[in-house]
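Colleague: What follows is a single structure, and I will ask about it in a moment.
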Ligand code: RFL
Ligand code: PHB
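Residue numbers (this note's numbering): 4 to 403.
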């Protein structure tokens, strides 16, 4: 048997949710230990999100990790939707009173948070194996885990389950307590990262008869592209040239000709899923981020929603530990879920308008084209899209 350690908040998962929670609580003088099952290199190298809402950017500044983000983040005031190769711009700033989004990779957010944690000397255990939450119903829940073959126990006041969709924390909530809502989409995204300048200075979301495509970026010299693909897609069947050809086709002639191509430095397939687990609290366990919900990536909301949970959880825990006030932790699940379902709705809607659904008579595609034509022509519809894309306003817990 190894050590027994005491902490206030045991955080399972060192992804963006767990790291950001740890950082916000550290700055409030609240003690945390983060247990992460993978190694540092793996966590820092995972290519995922790229678009941060203003609220997420503000929270990263509040957490004291906004330096590199302010310098290297690319502020975007709009994006394009390409319909059958014809591009239409969606302005974000005009309809939202000047709001924007910032393109800054999740890899960079993660690196900034890990560096801040290590600089602070706060505990972050990589390669923590067999993490097991225990005694969630009592006042001192525990986390048992193994590191380098030695077992350890962490005695906590609260456990934060920030261990993503495949994590262990959600699974410890009894089945008769947890309600799960889920939609699995009949396609995935094939993503490619390449050291070439982006085809456009803003993102392009494409609805094309051959399927969805997205042009994004990580910097002025690094591009991130996605194409809709079947769920059984094998990377080996998609040499770079085949992906570039599909991208050229789906964005239309102008963008196709302008697109710089080059060897991929990363390539991966991700399935699309909508998922919500309710409630997000069980006893002294609080779920945050992908551990509690997944959205399809079309609206660029997953990381932002994780940050929104963490914002609420950090407020609630500060009230709990500093003021012995339980209103925040008691209202946590309900307050989070109000936002979660609005963001689920938006992510589902945006996904439904842009992807190819294989069906006999083309009814869905006709509806998509009508919906997109309405969007392009209606100030009200574009305002609705813009206000969701830049991020809905934050509600203080307890408000209606
Ligand atoms: P993560 O990032 O999955 O981190 C969970 C961490 O927990 C660890 N873990 C465990 N640790 C200890 N014990 C266990 N038993 C454990 N089980 C798991 C894992 O190793 C991991 O380190 O969840 P978190 O922190 O909630 O963050 C969520 C985001 O990562 C996710 O929502 C976004 O990446 C989603 N997403 C996007 N979100 C956006 O806001 N904007 C975007 O532009 C965007 N694009 C995307 C995306 C996700 C994508 N994929 C691959 C699903 C694009 C793609 C392609
Ligand atoms: C990305 O750059 O990875 C990205 C951008 C926008 C999305 C999804 C992913 O909607």
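We put the beta carbon where it would ideally sit given N, CA and C, even for glycine.
Between the C-alpha atoms of residue 178 and residue 98, what's the straight-line distance to the nearest angstrom?
Modeller: Position 175 of the chain shown holds residue 178. Position 95 of the chain shown holds residue 98. C-alpha separation (whole angstroms): 44 Å.
Colleague: Give me the Cα-Cα distance between residue 123 and residue 26, rounded to the nearest whole angstrom.
Modeller: Taking the chain shown and counting its residues from 1, one reaches residue 123 at position 120. Taking the chain shown and counting its residues from 1, one reaches residue 26 at position 23. The alpha-carbon atoms of residue 123 and residue 26 are separated by roughly 9 Å.
Colleague: Alpha carbons only, please: which of 347, 207, 380 is nearest the one belonging to residue 83?
Modeller: Along the chain shown, one-based indexing puts residue 83 at 80. Ranking the options by Cα distance to residue 83, first place goes to 207.
Colleague: Beta-carbon within less than 6 Å of residue 80's beta-carbon, same chain only, minus the 5 sequence neighbours each way: which residues are those?
Modeller: As a working mapping, residue 80 is identified with position 77 in the chain shown. Cβ within range, chain order: 95, 96, 103.
Colleague: Using 10 angstroms around the beta-carbon of residue 201, count the other beta-carbons present and answer buried if the total reaches 16, otherwise exposed.
Modeller: Counting from one through the chain shown, the residue named residue 201 turns up at place 198. Its Cβ being crowded by 16 or more others within 10 Å, residue 201 is buried.
Colleague: DSSP puts residue 94 in a beta bridge; with which residues?
Modeller: For the purposes of this step, residue 94 is taken as the residue at position 91 of the chain shown. In DSSP, residue 94 forms a bridge with 81.
Colleague: Cutting at 6 Å between CB atoms, please list the residues of its own chain near residue 232, excluding the five before and the five after it.
Modeller: Within the chain shown, residue 232 is the residue found at index 229, counting from 1. Cβ neighbours of residue 232 beyond the five flanking positions: 191, 193.
Colleague: Less than 7 Å between the CB of residue 301 and some heavy atom of the ligand PHB, yes or no?
Modeller: Here residue 301 refers to the residue found at position 298 of the chain shown. Checking every heavy atom of the ligand PHB against the Cβ of residue 301, one is found closer than 7 Å.
Colleague: Return yes when at least one heavy atom of the ligand RFL lies under 7 Å from the C-beta of residue 25, else no.
Modeller: As a position in the chain shown, residue 25 is number 22, starting the count at 1. Result no, Cβ not under 7 Å from the ligand RFL.
Colleague: On the criterion of 16 or more Cβ atoms from any shown chain inside 10 Å, does residue 370 qualify as buried, or is it exposed?
Modeller: Taking the first residue of the chain shown as 1, we reach residue 370 at position 367. Label assigned to residue 370: exposed.
Colleague: Return the first residue and the last residue of the alpha helix (DSSP H) that residue 225 is part of.
Modeller: By one-based count along the chain shown, residue 225 stands at place 222. Residue 225 -> not in any alpha helix (DSSP H); beta strand (DSSP E) instead, spanning 225-232.
Colleague: Counting pairs of Cβ atoms below 8 Å between the region 50-70 and the region 83-92, do you hit three or more?
Modeller: The region 50-70 is not in contact with the region 83-92.
Colleague: If we ignore side chains and look at the alpha-carbon of each, how far apart do residue 403 and residue 334 end up?
Modeller: Position 400 of the chain shown, counted from the start, is the residue given in the question as residue 403. Position 331 of the chain shown, counted from the start, is the residue given in the question as residue 334. Per-residue confidence for residue 403 stands at a pLDDT of 41, beneath the threshold of 50, marking its modelled position as unreliable; the derived number appears in the next sentence. Approximately 12 Å between the Cα atoms of the pair.
Colleague: I want to know whether the region 233-244 touches the region 296-316 - three or more CB-CB distances under 8 Å.
Modeller: Too few Cβ pairs lie closer than 8 Å, so no.
Colleague: Just to confirm the assignment, what range does the alpha helix (DSSP H) spanning residue 191 have?
Modeller: Locating residue 191 in the chain shown gives position 188, counting from the first residue. Segment 182-197 is the beta strand (DSSP E) holding residue 191; no alpha helix (DSSP H) there.
Colleague: Quick one: does the C-beta of residue 78 sit closer than 7 Å to a heavy atom of the ligand RFL?
Modeller: For the purposes of this step, residue 78 is taken as residue 75 along the chain shown, with counting starting at 1. No, the beta carbon of residue 78 sits no closer than 7 Å to any heavy atom of the ligand RFL.
Colleague: Is it the case that the Cβ atoms of residue 90 and residue 213 are separated by a distance below 8 Å?
Modeller: Here the question's residue 90 lines up with position 87 in the chain shown. Here the question's residue 213 lines up with position 210 in the chain shown. Cβ distance not < 8 Å, so residue 90 and residue 213 don't count as in contact.
Colleague: Whole angstroms are fine: how far does the CA of residue 105 sit from the CA of residue 53?
Modeller: To locate residue 53, count along the chain shown from 1; it is residue 50. To locate residue 105, count along the chain shown from 1; it is residue 102. Distance between the alpha carbons of residue 53 and residue 105: 8 Å.
Colleague: Cβ atoms of residue 378 and residue 345: under 8 Å apart, would you say?
Modeller: In the chain shown, the residue the question calls residue 345 occupies position 342. In the chain shown, the residue the question calls residue 378 occupies position 375. Contact: no.
Colleague: Mind the definition here: the region 162-171 touches the region 123-137 only if three or more C-beta pairs lie below 8 Å; say whether that holds.
Modeller: In short, these stretches touch, since the Cβ pair count reaches three.
Colleague: By the three-class DSSP mapping on this structure, what secondary structure does residue 335 have?
Modeller: Numbered from 1 along the chain shown, position 332 holds the residue referred to as residue 335. Helix.
Colleague: I think residue 219 touches residue 275, with their Cβ atoms under 8 Å apart; what is that distance to the nearest whole Å?
Modeller: Here residue 219 corresponds to residue number 216 of the chain shown, with the count starting at 1. Here residue 275 corresponds to residue number 272 of the chain shown, with the count starting at 1. The pair is not a contact, with the Cβ atoms about 16 Å apart (cut-off 8 Å).
Colleague: Inspect the beta-carbon positions of residue 10 and residue 34 and report whether they are closer than 8 Å.
Modeller: The count along the chain shown starts at 1 and reaches residue 10 at position 7. The count along the chain shown starts at 1 and reaches residue 34 at position 31. Going by C-beta atoms, residue 10 is nearer than 8 Å to residue 34.
Colleague: Against chain B, does residue 110 count as a neighbour if the rule is that its beta carbon must be under 8 Å from one of theirs?
Modeller: Among the chains in the structure shown there is no chain B, since it carries only a single protein chain.
Colleague: List the endpoints of the continuous beta strand (DSSP E) containing residue 41.
Modeller: Residue mapping note: residue 41 aligns to position 38 of the chain shown, counting from 1. Counting along the chain, residue 41 falls outside any beta strand (DSSP E), and DSSP gives it neither H nor E.
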